[in-house]
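A short worksheet on the structure shown next.
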Amino acid sequence: MCGIAGYIDFSGHREQQQAIVEAMGETLVCRGPDASGTYLSEHAAFAHRRLIVIDPEGGVQPMVRSLFHSDYCITYNGELYNMDELRSELLLRGHTLQTRSDTELVLLAYMEWGPACVEKMNGIFAIGIWNEAEQTLFLARDRMGVKPLYFANRDGVFAFGSEIKAILAHPAIPPEVDATGLAELCFIGPARTPGLAVFKHIHEVRPGTFVLHTRERTSEHTYWRLESKPHEHDFRTTAEHVRDLLEDAVSRQLVSDVPLATLLSGGLDSSIVSAFAARALKQNGKDTLHTYSVDFIGMDEHFEANAFQTGRDAPWVTRVAEHLQTVHHDIVLDTDDLLKHLLRPLAARDLPGMADIDTSLFLFCEAIKKNATVALSGEAADEVFGGYPWFHRPEVLSDNTFPWSRRLGDRIRYFHPALAGKLDPTAYVAERYSDALKEVPRLYGEDKQEARIREISYLNLTRFLPTLLERKDRMSMAAGLEVRVPFCDHRLIEYVWNIPWFLKSLNGTPKAILRKAAEGILPYDVVYRKKSPYPSTAHPAYLEGTRARVEAILSDASSPVLALIDVATVRQTIEKSRGHLEHEPWFGQIMAIPQLFDYIIQINAWMTTHRVTLI
Numbered sequence: 000m001c002g003i004a005g006y007i008d009f010s011g012h013r014e015q016q017q018a019i020v021e022a023m024g025e026t027l028v029c030r031g032p033d034a035s036g037t038y039l040s041e042h043a044a045f046a047h048r049r050l051i052v053i054d055p056e057g058g059v060q061p062m063v064r065s066l067f068h069s070d071y072c073i074t075y076n077g078e079l080y081n082m083d084e085l086r087s088e089l090l091l092r093g094h095t096l097q098t099r100s101d102t103e104l105v106l107l108a109y110m111e112w113g114p115a116c117v118e119k120m121n122g123i124f125a126i127g128i129w130n131e132a133e134q135t136l137f138l139a140r141d142r143m144g145v146k147p148l149y150f151a152n153r154d155g156v157f158a159f160g161s162e163i164k165a166i167l168a169h170p171a172i173p174p175e176v177d178a179t180g181l182a183e184l185c186f187i188g189p190a191r192t193p194g195l196a197v198f199k200h201i202h203e204v205r206p207g208t209f210v211l212h213t214r215e216r217t218s219e220h221t222y223w224r225l226e227s228k229p230h231e232h233d234f235r236t237t238a239e240h241v242r243d244l245l246e247d248a249v250s251r252q253l254v255s256d257v258p259l260a261t262l263l264s265g266g267l268d269s270s271i272v273s274a275f276a277a278r279a280l281k282q283n284g285k286d287t288l289h290t291y292s293v294d295f296i297g298m299d300e301h302f303e304a305n306a307f308q309t310g311r312d313a314p315w316v317t318r319v320a321e322h323l324q325t326v327h328h329d330i331v332l333d334t335d336d337l338l339k340h341l342l343r344p345l346a347a348r349d350l351p352g353m354a355d356i357d358t359s360l361f362l363f364c365e366a367i368k369k370n371a372t373v374a375l376s377g378e379a380a381d382e383v384f385g386g387y388p389w390f391h392r393p394e395v396l397s398d399n400t401f402p403w404s405r406r407l408g409d410r411i412r413y414f415h416p417a418l419a420g421k422l423d424p425t426a427y428v429a430e431r432y433s434d435a436l437k438e439v440p441r442l443y444g445e446d447k448q449e450a451r452i453r454e455i456s457y458l459n460l461t462r463f464l465p466t467l468l469e470r471k472d473r474m475s476m477a478a479g480l481e482v483r484v485p486f487c488d489h490r491l492i493e494y495v496w497n498i499p500w501f502l503k504s505l506n507g508t509p510k511a512i513l514r515k516a517a518e519g520i521l522p523y524d525v526v527y528r529k530k531s532p533y534p535s536t537a538h539p540a541y542l543e544g545t546r547a548r549v550e551a552i553l554s555d556a557s558s559p560v561l562a563l564i565d566v567a568t569v570r571q572t573i574e575k576s577r578g579h580l581e582h583e584p585w586f587g588q589i590m591a592i593p594q595l596f597d598y599i600i601q602i603n604a605w606m607t608t609h610r611v612t613l614i
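Under numbering that gives the first Met the number 0, the first residue of the sequence shown carries the number 0, and numbering increases by one thereafter.
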């Protein structure tokens, strides 16, 4: 994986071109610690930071190829999982390959098919290609948005980058935030509306979309979207097909010239990915699979089961690792480390994120990176198969809002009344929710329950999952680790999208289809274990540490976040937190009061670090 950045300026001003594009690239060093490069032409400047995974010598970027006297230059972040098929097709069409890298395949595919090339790719990617003869920039992002890509178009400069920080490094793009950005930050966050990036001039390339920029215009085009159609397979056939698709996805994603591992929580999703990976490595005569799990010091003493976290993962991790005969590594984190590195995720995300579960994931990935460069994860299975509690609770399904953020009224209380009055958060969130439902591809004749579950599934795949994919990408790449997500294989998602809910939840069993697919591959008790989310520290020191930092912020009149929050309400919550706290998440399943304090700390640091101007 890598970091990409660049800009197009048709004004012809080249005085600072090299310095500017190098500065943009420097912001992405963590994404590509192994190598760097730049490309300059009269109007285009590209930067690239490389994390070497395949073909160390041949995959140097930016990469330039010529066709009919025109130069094409690519800066690319991603991984293709159908390299063999694409290579064969390009060779049949007369192309000559100089490397083993997928970068060259992507570039030649664009030279052969133009923007339609993305339809031939199975993988995760963010692409920037400059056609010197036509003076055209092509940007594209993978179907599920696993790899990030942003752009800004202001005052004649069109800038793009893997992360927001790369774009803000260009002097033409100021760190300004308007009312829409504040509403996203305060009342949608840490999720985001697709296409928005909080900063006024910066936009996200939406998943399944490509952008064309020329001297005359900038246009966005959707090349992939979910399609609803009748499902024709019975339960057993469906489970078998799901198993085949997932096993193929895992097998394809094991390609690597560097050490590889899997993340293992002991839950169904990561366990079945690890099982298929272990099987494939053994069949191909490769080394035994290495697996990694994360836990926290003090969990034995401080963990309390609740409706969202019913039990600990540790015993199940041991059970699965022993069953699969992997080389297992337990990474145990200290709460002091979470507090010490509390703001490290902000530096990676460029926006306030998911509090301690961001920090722990970063530290987890940092530990894995000591021995591996690539890891496979079970991320996305709950969104794809309907595993979250909100898929199964009638009172949640009947709510007319995002199911992971039902406590909007409580959130509003924490922000300054003048801000809430200006932004009208209730109306803003309702509009974003309504816009999302308008996108849902309907199935004619579907009954009311199936139609509602289809809506919830769409919301999860397009609004909640991107938040988790962003977290996974930023925290892993901040540690120089590439994490792959087989459950985001678009073939699997297209198939499962149309499996009716009565099959997905047969006999009231969450993720019944996936569990059936896992039978015989994993122990029965692992297959039918109740879901538990990514672990979060239960140690009171985390609450105490975040509370103390918020108190310090409130006591400092220069703290920029004071312009956004209701100080009295925050102080009341601080006092309430000194007693016993019920677990009442304000976002997702595990972000409660300690994480709220963390979020306030992050907003304050974000405004300071980026010198945010509110407009």
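The beta-carbon is built from N, C-alpha and C at its ideal position, and this holds for glycine as well.
* Asked: According to DSSP, is Arg410 helix, strand or coil?
  -> Three-state DSSP puts Arg410 in a helix.
* Leaving out the 5 sequence neighbours to the left and right, which residues in its chain are closer than 7 Å to Glu219 when beta-carbon positions are compared? -> For Glu219, where only same-chain residues beyond five positions count, the Cβ hits under 7 Å are Thr208 and Val210.
* Option nearest Tyr537 by Cα separation, candidates Ile589, Lys529 and Arg577 -> According to the sequence as given, residue 537 is Ala; it is not Tyr. Cα-wise, what sits closest to Ala537 is Ile589.
* Since Cys72 sits in a beta bridge, which residues does DSSP pair it with? -> Residue pairing by DSSP puts Cys72 in a beta bridge opposite Val63 and Trp129.
* To do: Can you tell me which of the three DSSP states Thr317 falls into?
  => In the structure shown, the three-state DSSP call for Thr317 is helix.
* Asked: For the putative contact between Asp349 and Lys164, defined by C-beta atoms under 8 Å, what is the C-beta separation to the nearest angstrom?
  -> Going by Cβ atoms, the distance from Asp349 to Lys164 rounds to 5 Å, so yes, they are a contact pair.
* Does the Cβ-Cβ distance between Gly155 and Phe45 come in under 8 Å? -> Contact: no.
* **Minimum length 4: unbroken alpha helix (DSSP H) runs contained in the segment 91-164** => Taking only runs of at least 4 residues, the alpha helix (DSSP H) segments lying wholly in the segment 91-164 are 101-112.
* Asked: According to DSSP, which residues form a beta bridge with Arg49?
  -> For Arg49, which the question treats as bridged, DSSP gives the partners Cys1 and Ala34.
* Asked: Which partner residues of Asp294 appear in the DSSP bridge assignment?
  -> Answer by DSSP bridge pairing, in chain order: Val331.
* To do: Look at Arg483 and Ser376 and say whether their C-beta atoms are less than 8 Å apart.
  => Contact annotation: Arg483 and Ser376 have beta-carbon atoms nearer than 8 Å.
* Entirely within the segment 150-236 and at least 3 residues each: give me those beta strand (DSSP E) ranges in chain order. => Complete beta strand (DSSP E) runs here, min 3: 156-160, 201-203, 208-212 and 217-221.
* To do: Could you tell me which of His12, Ala43, Cys185 and Met62 sits nearest to Lys421, measuring between CA atoms?
  => Of His12, Ala43, Cys185 and Met62, the smallest CA-CA separation from Lys421 is found for Cys185.
* Alpha-carbon spacing of Asp423 relative to Ile599, whole angstroms -> The straight-line gap from Cα to Cα measures roughly 20 Å.
* Asked: Taking the alpha helix (DSSP H) that Leu341 falls in, what are its first and last residues?
  -> Premise fails: Leu341 is in no alpha helix (DSSP H) and is neither H nor E.
* Asked: Where does the unbroken alpha helix (DSSP H) through Leu360 begin, and where does it stop?
  -> Looking at the DSSP string, the run of the alpha helix (DSSP H) that includes Leu360 is Ala354 to Lys368.
* Asked: Where does Ser100 land, buried or exposed, given buried means 16+ other C-beta within 10 angstroms?
  -> Answer is buried; the Cβ neighbour count reaches 16.
* Helix, strand or coil for Ile564, going by three-state DSSP, please let me know. => Look at Ile564 here: in three-state DSSP terms it is strand.
* How about the segment 170-190 and the segment 199-208: do they share at least three Cβ pairs that are nearer than 8 Å? -> Judged by Cβ distances under 8 Å, the segment 170-190 makes contact with the segment 199-208, as three or more pairs qualify.
* Residues bridged to Val439 (per DSSP) -> None, per the DSSP bridge assignment.
* DSSP-derived helix/strand/coil call for Asp8 -> The DSSP-derived three-state label of Asp8 is strand.
* Asked: To the nearest angstrom, how far is it from the Cα of Glu543 to the Cα of Ser255?
  -> Glu543 and Ser255 have their C-alpha atoms spaced approximately 43 Å apart.
* Mind reading off the beta-carbon distance from Lys146 to Ile123? Whole number of angstroms is fine, and I expect it under 8 Å. => Between the beta-carbon of Lys146 and that of Ile123 there is about 5 Å, and that keeps the pair under the 8 Å contact cut.
* **Cβ neighbour criterion (16 or more within 10 Å) applied to Thr192** => Counting Cβ neighbours within 10 Å, Thr192 comes out buried, since at least 16 surround it.
* Measuring CA to CA, which of Glu583, Glu550, Pro393 and His582 is closest to Thr568? -> If we check each option's Cα against that of Thr568, Glu550 comes out closest.
* To do: Check each candidate in Ile512, Lys530 and Ile166 and name the one with the smallest Cα separation from His616.
  => This structure leaves residue 616 out entirely; the chain is present only between 0 and 614.
* C-alpha gap between Leu27 and Trp223, whole angstroms -> Looking at the two C-alpha atoms, the distance is approximately 28 Å.
* Helix or strand or just coil, what does DSSP make of Val373? -> The answer is strand: DSSP assigns Val373 an E or B state.
* Endpoints, alpha helix (DSSP H) assigned at Ala547 -> From DSSP, the alpha helix (DSSP H) with Ala547 extends over Pro539 to Leu553.
* **Three-state class that DSSP yields for Thr612 in the structure shown** => Reduced to three states, the DSSP call for Thr612 is strand.
* **Buried versus exposed call for Pro229 [16 or more other C-beta atoms within 10 Å across all chains shown]** => Taking all protein chains shown into account, Pro229 has fewer than 16 neighbouring C-beta atoms within 10 Å of its C-beta and is therefore exposed.
* Which residues bound the alpha helix (DSSP H) around Thr261? -> Annotation: Thr261 is outside any alpha helix (DSSP H); the continuous beta strand (DSSP E) that includes it extends over Leu259 to Leu262.
* To do: From the DSSP output, in three-state form, read off Gly77 for me.
  => In this structure, Gly77 counts as strand in the three-state DSSP scheme.
* **Given Leu615 as reference, the closest of Thr135, Ser359, Val331 and Asp329 once Cα atoms are compared** => For the chain, the structure presents residues 0 to 614; residue 615 sits outside this window and is missing.
* Asked: Whose C-beta lies closer than 7 Å to the C-beta of Asp409 among residues of the same chain, with five residues either side of it excluded?
  -> Trp585, listed in sequence order.
* **For Val20, three-class secondary structure by DSSP** => The three-state reading of DSSP puts Val20 in helix, counting H, G and I together.
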